[in-house]
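By UniProt numbering, the letter at position 78 of the sequence shown is numbered 78, and the numbering carries on one by one without gaps.
From the three backbone atoms N, C-alpha and C, an ideal C-beta is built for every residue, glycine too.
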Amino acid sequence: MAFTMHSHSGQFCPGHAKDQLEDIVRHAISLGYKTMGLTEHMPRYEKQDLYPEELDDPQALAALPPRHEAYLIEAQRLQKEYASQIHILIGFETEFIRPSFTAHVQALAASPVIDYFMGSVHHVHSIPIDYDAKMYASAVAASSKNGTEEGLYEDYYDLQYEMLRSLKPRVVGHFDLIRLLSEEPGRDVRQWEGVWEKILRNLELAKELGAWLECNSSGLRKGLAEPYPCREIAQEWLKMGGKFTMSDDSHGIAQVATNYGRAAAYLSSLGVEDVWTFKRAPHPGLEAQARAELEAVSVPLSVFTQQFKVAS
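Given below as structure tokens:
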């Protein structure tokens with residue numbers, strides 16, 4: 001039973017992704033997906049948090065909350081339209097640019113339409129750390145340890161800890177995203193004692209919360225040697241008894257299931273036998289606007305890889 005727990009569309013994430021959400025869902029069905037988590041980015045609420053491509057539009061900030069509402073309406077329509085072909089879960093991906101985002105996330109998550117959210121961090125010191133090299137360098141310069149990458153890593157994991165503690169997500173997004181634009185993305189982070197201590201602390205909290213980490217294959221298409229999280233982190237997570245879900249973090253049709261074969265082989269090399277997803281009841285829709293119930297479902301990795309129609 002192939003699936004993804006993390007996906008985006010150009011319809012509701014313009015400038016950052018491509019394609020209409022319905023076309024992406026239809027393509028996922030054609031590849032053999034049986035479950036698809038829709039997780040468009042949540043709104044941002046301050047002008048300082050806009051990305052460069054949004055700054056020329058005076059209505060960019062005001063458009064974000066209504067776009068989120070339009071997404072929820074379309075997601076519910078697709079859930080019903082394609083219910084016989086794919087199990088659609090409706091969620092969103094968090095921003096945690098600063099701790100004040102806690103209230104925004106909680107308000108969005110309170111909607112009975114929302115099944116779950118991806119707990120992700122994309123900014124440190126209010127600076128995007130996965131956008132481009134220039135912004136990453138600015139984040140390094142602002143780090144707490146004399147403008148070093150080691151300091152930025154520590155700051156990232158401190159903010160992630162606050163996100164985990166405050167939001168208590170059921171799924172943690174791209175746990176070690178901080179390495180994407182690093183000068184040495186393949187470094188063994190255990191060499192940085194302070195960073196490693198914070199990673200272990202965060203993993204322990206995630207396990208305590210009952211959260212899953214995603215094996216996120218997008219790192220591979222962005223040039224990393226391993227998916228998120230890297231092997232050292234994944235090994236510690238498994239030692240703790242932690243569970244993995246699977247995500248392509250697609251931003252359009254062309255990225256659906258990209259590098260899933262490599263990601264599955266990576267998990268297999270770690271000794272992972274099952275990946276986890278949710279089953280929603282009722283499906284589709286809601287009963288009297290009551291929140292749907294989610295059941296955790298394990299999928300043997302061997303079954304997962306047999307049922308999607310791409311080689312890698």
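The beta carbons of Met246 and Met5 sit about 7 Å from each other, so the pair counts as a contact at 8 Å.
With a minimum length of 3 residues, the unbroken runs of beta strand (DSSP E) contained wholly in the stretch 25 to 82 fall at 33 to 41. If you check the CB distance, Ser302 and Thr258 do not come in under 8 Å.
Taken through DSSP and simplified to helix, strand or coil, Lys198 comes out as helix. If you ignore the 5 residues before and after Ile97, its C-beta comes within less than 6 Å of the C-beta of Asp49, His123 and Ser126, all in its own chain and listed in chain order.
Contact between Ser138 and Gly151 fails: their C-beta atoms lie close to 13 Å from each other, not under 8 Å. One Cα belongs to Pro58, the other to Tyr131, and the distance between them is close to 21 Å.
Nearest Cα to Arg26 within the set Arg262, Ala75, Pro185 and Tyr51: Ala75. When secondary structure is reduced to three states using DSSP, Met1 falls in the coil class, being assigned neither helix nor strand. For a cut-off of 8 Å, the C-beta gap from Lys207 to Met240 is around 5 Å, short enough to register as a contact.
In the three-state DSSP reduction, Thr305 falls in the helix class (H, G or I). According to the DSSP assignment, Val140 belongs to the alpha helix (DSSP H) that extends over Ala133 to Ala141. Counting other Cβ atoms within 10 Å of its Cβ, Gln306 stays below 16 and is therefore classed as exposed.
By the criterion of at least three beta-carbon pairs nearer than 8 Å, the stretch 10 to 26 is not in contact with the stretch 283 to 300. In the assembly as shown, Glu226 is a buried residue. Its beta-carbon has 16 or more other beta-carbons within 10 Å. Judged by DSSP secondary structure, Met163 falls outside any beta strand (DSSP E) and instead within the alpha helix (DSSP H) spanning Glu149 to Leu167. One alpha carbon belongs to Gly261, the other to Leu31, and they sit about 13 Å apart.
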